[in-house]
Amino acid sequence: MSSLILTVRESIRYRGRSGQYSWLAHRLSGLAILFFLVIHVWDTANAFFWPQAYVWSLALFKNPLFGLGEIGVMAAVLYHAFNGTRITILDFKPEWWRHQRLSSLITWTLFFLVFIPIAVLMLSAMIGHCSELASAGDSCLRIPAFSEFAQYAR
Amino acid sequence: MAAITEKTSDRMTVRRVQIEGNRERYAWLFMRLSGVAMLVLAVGHMVIQHVLNSSTNLTLQFVAVQWSSWGWKAYDIFLLWMAIPHGIRGLFNILSDYVHNPGLKRTIGILLTLFVVATVIWATIAISLFDSAMIP
Amino acid sequence: MKTHVFDAVIIGAGGAGLMTALYASRGANVAVISKLYPTRSHTGTAQGGIGAALGNVEEDHWEWHAYDTVKGSDYLADQDAVDVLCKEAIDTVVELEHMGLPFDRLPNGRISQRRFGGHTNNETGKPVMRACHAADRTGHMILQTLYQQCIKNRVNFFDEYHVIDLIRVDDTIRGVVAYELATGEMHVFHSKAVHFATGGWGRCWEVTSNAHSLTGDGTAICLRNGVPLEDMEFFQFHPTGIFKLGILITEGVRGEGGILVNGQGERFMERYAPTIKDLASRDVVSRAIFMEVQAGRGINGQNYVHLDVRPETVNKYNELAGDPRRIDRAYIESKLPDIADFTRTYLGIDPVEEPMPVQPTAHYAMGGIPTDVDGRVLIGAGDRVLNGLYAAGECACVSVHGANRLGTNSLVDLVVFGRRSGRHMAEYCREAELLPLPTGTGEALQTEFNRLRHGTGSIKPFELRNKMQKTMTDNVGVFRTEETMTKAIEDLRQLRHDYNTRMHIDDKGQRYNTDLLEAWELGCLLELAEVTAVSARARKESRGGHAREDFPERNDDDWLKHTLCARNEDGSYSLDYKPVVLGRYEPKKRVY
Amino acid sequence: MQATLRIRRFNPETDKKPWWGEYTLENVHRTDTVLDLLHRIKWEQDGTLTLRRSCAHGVCGSDAMRINGANALACKTLVSRLGVKGNEIKIQVEPILGLPVEKDLIVDMEPFFDHYRAVLPYFITDQPVPADGRERLQSQVDRERFDDTTKCILCAACTSSCPSFWADDRYIGPAAIVQAHRFVFDSRDEGMNERLDVLADTFGVWKCRTIFNCTNACPRDIQVTEAIAEVKQAITSGKV
Ligand SMILES: Cc1cc2nc3c(=O)[nH]c(=O)nc-3n(C[C@H](O)[C@H](O)[C@H](O)COP(=O)(O)OP(=O)(O)OC[C@H]3O[C@@H](n4cnc5c(N)ncnc54)[C@H](O)[C@@H]3O)c2cc1C
Ligand code: HEM
Ligand code: SF4
Ligand code: F3S
Ligand code: FES
């Protein structure tokens, strides 16, 4: 465990360069996606095994708190995918490792270029949803009750 | 002094090597290959499900429409088979950086493998047996 | 005190020590003791190449190499030993290749060779391509390769152990005493044979190409144990050290066509050595630079000149000389990558675009522990062999370098004589007996170390070291006179007195006490500096690396002989001489 | 100019824990190296400051340490590169990470050399030497392939900059892989199977997560990550 503390502390303290930050971001994004994915898979499986729970969770996930998380996962997937591709390409083309600085720069640029418009789209959808509910006298922040979806019970 | 004018081949010598089979090596390859596959599958999935169709208007009926086609079912199953093992293997890589006790590491490995198998089977059943006609 | 028993111990893990270990370990149980991790040894810094008449590029013969070596030595080298050196050079270089050393290659796949100072075609007098090289890190590759082979052959290493004394009883060798850096513990290595390969002592001077660790320990230990040292007045100043820093710019730069230029933009070596110009031997070039500077022709009137290897300059002079070779940036980057790295790092200068500021730098000890061609240490003018005691490499004096060493010949010296002494030692150990250790071994050293550790004077070692380096540079440098050397001897006596009575160190601890060991090393340096000055003052002529303003000519009638300087009980030094072994080549005037 | 050095100190004989020592030096020049400054502190101010060094020009590999947060050789790091502000400079010096600190800037190098020895870092071949008693032949292209990795001076700057090595010191580390690369891609050497078996193992190349700190830290400008990638490729493709 001491090595965990050391790594975490020094990964921040050590004055590494783009490579170290790419690695940190890749690792953290990978973990974030995994966390989301596991929930997502088990949850989606409910569409078959337990529709009531699934529909309830759909409603729950419309909560802006989850919405923000979703944008985060989007960021994670995009970065992780681009950076993973970068690593893969360089791994199979070793001589390109000479240009790793450039390659991380390209990855980050690409990531922001793609992510920003997507984030805007997602955010506006979320805001639209909330204002719609608000005009109907409801709140998008309300946690839906499980019983609301009794018609889906098997 | 004729020797100096002779020239050896300009071609690089390439030789074959024999390396013992090793799980690490295949895992490494799998991470990259599944990664490339997911570049299309996962990013595509994210864009389609979470951008083009916002989850704010996602409904069971929408899922039913999608899963009425075997094409989409296959897409999702394939993504599932890539993503879960990839992600869990990634988690295992990270854990094995810090878990140095071989016994504990093995146990974690076994548990994670069981988890992958359970998840993949469970979700595959769900997707493939999902019958859109049953949705009201 | 811990005791270890081996057939033989080798002190030093540079090229000489490792080559010896490799051969000795084939027949005996050996230990290599080194105060540095082996790969940190100074052999690793050798750049330009290792000389051997392979004839891979153009006609060459070992006899030519021998002649160049003898001429380079200003006829002070022993010619029987030179023959051994040059003949076996070929074989050893090939052996290194067989051990995996990655030499640069020619288009036909053979070892690449280049020009180097003082190496000539004996018929035309023109430079010959004799220096086998691996880019400009030949020494690094030799050191790595030999260390790798030692690992392969499971040689025992004691890394970061300082040897501080030899155990000699009358005329027999019983082992050495070492100080373990990590713990501060004394260890006795009990053995039948001892081999010194501890390298040079360039740290006696201010501006030097030598590592901080090159403090002549083994040579000083031998001196203290009754071995008179040979030819100590001959210390080589390499002409091209980086201005002020002393970091070496290999002669290979000039081998590749680089030239020296003075403040007036003149290629001054044309005046001093009309035939081979910038590739004259080192003493000649160093003196030329010194004289240019004295005459006010340094760059901007300062005490340095320029070394110019810009492609346009090199190509211009090649064209003038009718030499078809042309070079470009890529060529320099591939042949001299480390040099380019040094100048970029330390000077911010790109050698492809700007000339480099250089000045002579203290570089190599021609003298040292006298040995025969099998590495056996010889005592006194009668060449009495001290059984079981060996030396090789820079700390030893065979003597193949005489009054001035040719570039590339040191690396040859290491491997040729390392190999021979390793073989001889293995054989010796087969027959010799392990004699008992005398009682009280190492106690005197404990006392000495305690004295150093707990000294209460007011002076710190570095002050003494600075003073020593200054007086050696000012008074026993490229040029010397009776007066300057007398001054140096007086200064050094005073420093030695201060060292013994008025010094203190800060670190009183046991573990990793580098403060203590630096102080002890200073003791070695002071002693060798004084031996150098004493030997030099007595030699009333100029020869090779020993240039006297008051005796500018070589004097073969009186001085064609080796100096031997012994240490007396009371700490004073006395001199003796022995004849030079001549052979095929009669001494004549040296012109390049 | 004036330099302030913060140095991580630890003396096992007197200290329970490491501490920061602060030292001020006057008359520091832009061309001074960090080693010069450490020497001045050791010689003029505090002789107990302990470090390894020898050649003083970046070729012996003794003085890898952590300077302003990143690994480098003290003797190859010029003050001018460390961010001089006006007439002042602040420099922080620590021992390299991942190896046990023995005293001040000295770490235990044995684990590092153990890993080095594990890759069989020596020439292996069964081929007899040429009958003419001369050198083996090697073409210039074949020689060029491993040129970069022959430059390694075993300074440990790379291995001790690698987060993967900090996490698990059984990882063989970039330096050992560089050393193995030097032999694996030498057309004269025949030990590639044994060597690659070591490197293909759990603590071999797969522990490299291409973090690239090693390449940035290498004072010899070796393309370390590239060399590691070549080894990975040799293992996956079965060709060298
Ligand atoms: C910058 C430079 C460039 C050079 N270029 C060339 C060249 O191109 N061609 C050429 O032929 N020559 C060259 N030389 C000269 C040559 O490199 C050296 O003379 C030679 O390497 C010396 O080798 P060595 O084995 O005798 O000693 P070193 O390599 O200096 O090794 C000394 C060993 O002794 C050990 N040691 C010392 N004292 C003790 C002690 N008290 N206890 C235990 N161990 C101890 C050290 O740890 C070290 O392992 C160059 C020299 C320098 C400085
Ligand atoms: C979208 C396309 C993806 C690509 C191109 C990709 C690529 C990669 C690659 C190449 C690695 C190996 C990194 C290394 O060994 O240094 C990796 C690691 C990892 N991936 Fe992915 N991946 C993708 C999607 C995912 C998904 C969906 C998840 C989550 C389930 C995930 C989780 C992880 C984790 C946890 C790691 C381990 C990180 C580490 O070791 O630091 N990845 N990915
Ligand atoms: S690869 Fe570079 S950083 Fe690593 S040990 Fe070798 S020289 Fe040092
Ligand atoms: S820092 Fe470490 S993870 Fe790989 S690229 Fe270098 S060895
Ligand atoms: S002292 Fe030799 S590398 Fe720094």
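Chains as they are written, first to last, in the numbering used here: chain A, 208 to 361; chain B, 775 to 910; chain C, 9 to 600; chain D, 51 to 290. Positions of the beta carbon are idealized from the N, C-alpha and C atoms, including for glycine. Fair warning: this is a prediction, and the values are worked out from it, not measured in the lab.
Within 8 Å of any Cβ in chain B, is that where the Cβ of residue i sits?
i	result
residue 263 (chain C)	no
residue 237 (chain D)	yes
Could you tell me which chain B residues have their CB closer than 8 Å to the CB of residue i, listed as they occur along the chain?
i	result
residue 378 (chain C)	Chain B residues near residue 378 (chain C): none, gap ~41 Å exceeds 8 Å.
residue 117 (chain C)	782
residue 221 (chain A)	Going along chain B, no residue has its Cβ under 8 Å from residue 221 (chain A), so there is no contact; the nearest lies around 16 Å.
At a CB-CB cut-off below 7 Å, which residues of chain B make contact with residue i?
i	result
residue 298 (chain A)	806
Does the beta carbon of residue i come closer than 8 Å to any beta carbon on chain D?
i	result
residue 286 (chain A)	no
residue 358 (chain A)	no
residue 218 (chain A)	yes
residue 923 (chain B)	An answer regarding residue 923 (chain B) cannot be provided, because it is not within the stretch 775 to 910 covered by chain B.
residue 840 (chain B)	no
residue 314 (chain A)	no
residue 894 (chain B)	no
residue 245 (chain C)	no
residue 203 (chain C)	no
residue 302 (chain A)	yes
Quick one: is residue i near chain A, going by C-beta distance under 8 Å?
i	result
residue 139 (chain D)	no
residue 812 (chain B)	yes
residue 854 (chain B)	yes
residue 147 (chain D)	yes
residue 825 (chain B)	yes
residue 92 (chain D)	no
Helix, strand or coil: which one does DSSP assign to residue i?
i	result
residue 364 (chain C)	strand
residue 242 (chain A)	helix
residue 142 (chain D)	strand
residue 579 (chain C)	coil
residue 538 (chain C)	helix
residue 1 (chain C)	Because chain C spans 9 through 600 in this model, residue 1 (chain C) falls outside it and cannot be assessed.
residue 64 (chain C)	coil
residue 350 (chain A)	coil
residue 281 (chain D)	helix
residue 75 (chain D)	strand
So which residues on chain A does residue i lean against when the C-beta distance must stay under 8 Å?
i	result
residue 830 (chain B)	269, 274, 332, 333, 335 and 336
Applying a beta-carbon distance threshold of less than 9 Å, which residues of chain C neighbour residue i?
i	result
residue 265 (chain D)	Those do not exist, as residue 265 (chain D) stays about 16 Å from chain C at its closest Cβ, beyond 9 Å.
residue 291 (chain D)	Any question about residue 291 (chain D) goes unanswered here, given that chain D covers just 51 to 290.
Can you name the residues of chain D whose CB is closer than 8 Å to the CB of residue i?
i	result
residue 294 (chain A)	260
residue 106 (chain C)	179, 185 and 186
residue 799 (chain B)	250, 256, 285 and 286
Please decide whether residue i counts as near chain C, where near means a Cβ-Cβ distance under 8 Å.
i	result
residue 70 (chain D)	no
residue 61 (chain D)	yes
Under 7 Å Cβ-Cβ, which residues of chain C neighbour residue i?
i	result
residue 100 (chain D)	520 and 522
For residue i, go through chain D and note every residue whose CB falls closer than 7 Å to its CB, in chain order.
i	result
residue 210 (chain A)	216, 217 and 218
residue 790 (chain B)	288 and 289
For residue i, return the contacting residues in chain A, with the cut-off set at a CB-CB distance below 9 Å.
i	result
residue 877 (chain B)	The premise fails here: residue 877 (chain B) is roughly 16 Å from chain A at the closest Cβ pair, so nothing lies under 9 Å.
* To do: Would you mind listing the alpha helix (DSSP H) stretches within the stretch 243-322 of chain C that are 4+ residues and don't spill past its ends, in chain order?
  => Listed in chain order, the complete alpha helix (DSSP H) runs (minimum 4 residues) inside the stretch 243-322 of chain C are 260-263, 277-280 and 290-302.
* Asked: Of all the beta strand (DSSP E) runs that stay within the bounds of the stretch 292-322 of chain A, which reach a length of 3 or more residues?
  -> Fully enclosed beta strand (DSSP E) runs of 3 or longer: not present.
* To do: Closer than 7 Å is what we want: which residues have a beta carbon that near any heavy atom of ligand 3? List them in chain order.
  => Result (chain order): D:111, D:114, D:201, D:202, D:203, D:204, D:205, D:206, D:207, D:208, D:209, D:224, D:225, D:228, D:264, D:267, D:268, D:269, D:270, D:272 and D:274.
* **Complete runs of the alpha helix (DSSP H) confined to the stretch 350-414 of chain C [at least 4 residues]** => Within the stretch 350-414 of chain C, no complete alpha helix (DSSP H) run reaches 4 residues.
* Ranges of the alpha helix (DSSP H) found wholly within the stretch 151-204 of chain D, counting only runs of at least 4 -> The stretch 151-204 of chain D contains these whole alpha helix (DSSP H) runs: 160-168 and 190-195.
* Asked: Of all the alpha helix (DSSP H) runs that stay within the bounds of the stretch 490-526 of chain C, which reach a length of 4 or more residues?
  -> List check, alpha helix (DSSP H) in window: 490-509.
* **alpha helix (DSSP H) segments (min. 4 residues) lying fully within the stretch 72-132 of chain D** => Secondary structure within the stretch 72-132 of chain D: the alpha helix (DSSP H) runs of 4 or more consecutive residues, fully enclosed, are 84-90 (chain order).
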